[in-house]
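The structure under discussion appears below in the form of structure tokens.
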Amino acid sequence: MLIEFRVENFLSIQDEQILSMMASKDNTFFDSHTNGDKKLALLKSSVIYGANASGKSNIVKALQTMKTIVISSANTQRGDKLPITPFLLGDEDDKPTKFEIIFIQNDTKYQYGFILNSEKILEEWLLTFDENNTEQNWFERIYNKKEGRYNYSFGDQFLADEIYKQLWENSTRDNALFLSVAIQLNNEQLKPVFDFFNLKLQIANSNGWGNGKSITINEYKKDKELVNSFFKIADLDIEGVEIKTSDIDENSLPSNLQNIPQELKEKIIQEVKNIQNLKNVKILEDISFIHLSQKNQIKFLNFNDESDGTRKFFNIAGIWIDSLKKGNILIIDELNTHLHPLMTKFLVNLFHNEDLNKSNAQLIFTTHDTSILNQDIFRRDQIWFCEKQNKATKLYPLSDFEESEERRDKTNLENDYLLGRFGALPYFKEILSSWSDNGN
1 MLIEFRVENF
11 LSIQDEQILS
21 MMASKDNTFF
31 DSHTNGDKKL
41 ALLKSSVIYG
51 ANASGKSNIV
61 KALQTMKTIV
71 ISSANTQRGD
81 KLPITPFLLG
91 DEDDKPTKFE
101 IIFIQNDTKY
111 QYGFILNSEK
121 ILEEWLLTFD
131 ENNTEQNWFE
141 RIYNKKEGRY
151 NYSFGDQFLA
161 DEIYKQLWEN
171 STRDNALFLS
181 VAIQLNNEQL
191 KPVFDFFNLK
201 LQIANSNGWG
211 NGKSITINEY
221 KKDKELVNSF
231 FKIADLDIEG
241 VEIKTSDIDE
251 NSLPSNLQNI
261 PQELKEKIIQ
271 EVKNIQNLKN
281 VKILEDISFI
291 HLSQKNQIKF
301 LNFNDESDGT
311 RKFFNIAGIW
321 IDSLKKGNIL
331 IIDELNTHLH
341 PLMTKFLVNL
351 FHNEDLNKSN
361 AQLIFTTHDT
371 SILNQDIFRR
381 DQIWFCEKQN
391 KATKLYPLSD
401 FEESEERRDK
411 TNLENDYLLG
421 RFGALPYFKE
431 ILSSWSDNGN
């Protein structure tokens with residue numbers, strides 16, 4: 001599970017911003033909305049609100065960038081630029097970017113981070129914590145600018161012979177992470193950390209996951225009844241899904257290839273089939289949705305004939321099912337795009353369902369949908385806001401605001417937010433005032 005993420009000097013983020021999944025002492029929805037661990041209570045979801053250009057999407061991009069660097073670092077070439085854009089509206093041009101994340105993987109608490117610029121990794125560290133929450137340093141790497149080299153230190157808990165440590169050090173380029181290189185060179189002890197980024201963190205932009213449709217299809221093949229029940233309880237007026245796979249043939253070729261010579265057609269089809277056999281997949285997937293007509297007869301509608309919302313729901317259904325089973329961390333920008341507010345509420349509440357989310361999967365998302373800004377859905381510490389202060393993004397939770405006694409029973413926070421009580425809104429009054437002044 002994700003405990004905390006920190007980012008500094010990245011895109012619209014200037015000073016360090018912290019997204020914490022640690023639950024406050026509030027006992028509201030404790031059993032359903034947290035992992036239920038009173039020693040370290042972690043939230044199962046968080047939502048981030050904010051005006052356009054407030055920087056809420058940049059929190060997601062920061063997590064994605066950290067993941068990308070960890071996953072791809074070992075395969076970069078010497079001299080390749082690191083994929084970061086620092087805050088550009090300040091006066092600290094040489095200030096580096098920082099990413100740090102604290103998480104639990106395989107019942108072990110880790111704290112991993114690095115500081116970098118576009119040219120090199122300047123610092124990198126990994127700590128773990130024992131059952132008494134005592135800090136244990138596994139490794140630390142710091143660039144010594146004066147000497148033009150890295151200084152490494154390893155803790156006693158980092159179990160590796162000196163010859164291997166030396167090999168991993170020497171193999172780590174300036175623009176690569178020690179963690180990633182050591183994993184590539186068969187370090188087993190660091191594998192849970194790498195797997196957290198590679199397997200547990202599932203991050204998407206507003207268009208969803210690029211392979212979302214394929215994941216849903218795979219889940220359907222594994223458990224057709226589960227996928228069908230998922231669509232049925234979502235109340236989309238859909239009785240189920242039917243997916244048929246078929247081999248490619250002459251009729252499957254696009255129209256611009258239908259008039260080419262027969263010999264060339266056959267060659268193309270054979271090449272595609274060779275790829276198909278090599279990858280052990282079916283090229284054609286025909287997706288239909290099962291509906292009941294007014295006369296209670298079964299009707300099949302093609303995937304492309306359904307609404308944008310239904311298609312988006314299909315593309316994320318497999319991710320949701322897989323993550324709830326495996327305890328993944330889903331992070332998505334603008335979850336509400338193409339989805340009805342009730343559908344967004346349904347997807348969020350799946351993570352709060354104790355029977356469905358037994359693996360403590362987590363959901364973090366940004367949205368403009370204020371209809372779910374409600375204390376019947378979220379605890380106060382699950383709701384976050386982004387706003388610009390002096391050109392830079394500031395991230396803060398609703399729990400930072402004191403709740404007066406007379407408002408303690410008020411569950412709908414939407415009006416409070418839209419009235420600007422929590423900030424994180426466009427400055428419409430100032431804009432209108434400016435227009436009015438210009439009109440005079």
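Heads up: the sequence shown begins at 1 in full-length UniProt numbering, then just goes up one per residue.
Beta carbons: idealized from backbone N, C-alpha and C, even for Gly.
Three-way DSSP call (helix, strand, coil) for residue i in this model
i: Q375; result: coil
i: M343; result: helix
i: I298; result: strand
i: L41; result: This sequence places Ala at residue 41; Leu is not what is there. If DSSP states are grouped into helix, strand and coil, A41 belongs with coil.
i: K312; result: helix
i: P192; result: helix
i: S171; result: helix
i: Q111; result: strand
i: N349; result: helix
i: D286; result: strand
i: L2; result: strand
i: R103; result: For the record, residue 103 in the displayed sequence is Phe; it is not Arg. Here F103 sits in strand by DSSP.
i: T134; result: coil
i: S323; result: helix
i: T370; result: helix
i: L278; result: Because the pLDDT at L278 is just 48, under 50, the model does not fix this residue reliably, and the value given afterwards should be weighed accordingly. Helix.
i: Q17; result: strand
i: S153; result: strand
i: E119; result: coil
i: residue 447; result: Nothing can be reported for residue 447, as the shown portion of the chain is limited to 1 through 440.
i: H291; result: strand
i: L398; result: helix
i: F158; result: coil
i: Q362; result: strand
i: K388; result: strand
i: F29; result: coil
i: Q166; result: helix
Cα-Cα separation, residue i to residue j
i: E306; j: V7; result: 40 Å
i: R379; j: F29; result: 7 Å
i: K25; j: F351; result: 20 Å
i: E271; j: T310; result: 34 Å
i: T128; j: G327; result: 21 Å
i: V281; j: I217; result: Its pLDDT being 48, under 50, V281 is placed unreliably in this model, and the value from its coordinates should be taken loosely. Spanning the two alpha carbons is a distance of roughly 11 Å.
i: F178; j: T172; result: 6 Å
i: D80; j: F5; result: 26 Å
i: residue 505; j: Y112; result: What the structure shows of the chain is the stretch from 1 to 440, and residue 505 is not part of that stretch, so it cannot be assessed.
i: W168; j: S288; result: 51 Å
i: G240; j: I290; result: 5 Å
i: L257; j: K265; result: 8 Å
i: D235; j: L398; result: 31 Å
i: L202; j: G318; result: The identity of residue 202 in the sequence shown is Gln, whereas the question assumes Leu. Distance between the alpha carbons of Q202 and G318: 12 Å.
i: D286; j: E162; result: 55 Å
i: L347; j: F103; result: 23 Å
i: I332; j: I59; result: 10 Å
i: S20; j: I238; result: 37 Å
i: Y164; j: Q105; result: 24 Å
i: K345; j: L335; result: 10 Å
i: I115; j: P96; result: 6 Å
i: N35; j: N360; result: 6 Å
With 16 other Cβ atoms within 10 Å as the buried cut-off, status of residue i
i: H368; result: exposed
i: N151; result: exposed
i: F230; result: buried
i: D381; result: buried
i: K222; result: exposed
i: T134; result: exposed
i: P261; result: exposed
i: N27; result: exposed
i: A53; result: exposed
i: K358; result: exposed
i: T245; result: exposed
i: F300; result: exposed
i: E402; result: exposed
i: I233; result: exposed
i: N198; result: exposed
i: I298; result: exposed
i: G50; result: buried
i: E147; result: exposed
Cβ-heavy atom distance, residue i to the ligand NAP, below 7 Å
i: W320; result: The ligand NAP is not among the ligands present in this structure, which contains no ligands whatsoever.
Within the stretch 45-94, note down every full beta strand (DSSP E) run reaching 3 residues or more, in order along the chain. 45-50
Is it a yes or a no for the stretch 391-401 touching the stretch 12-31, going by three-plus beta-carbon pairs under 8 Å? yes
Taking only runs of the alpha helix (DSSP H) that begin and end inside the stretch 205-241, which ones reach a length of at least 4 residues, in chain order? 212-222 and 224-233
Does the stretch 38-54 touch the stretch 137-147, meaning 3 or more C-beta pairs lie closer than 8 Å? no
Is the stretch 34-41 close to the stretch 75-93, with three or more CB pairs under 8 Å? no
The stretch 179-186 touching the stretch 59-77, judged by at least three CB pairs closer than 8 Å: yes
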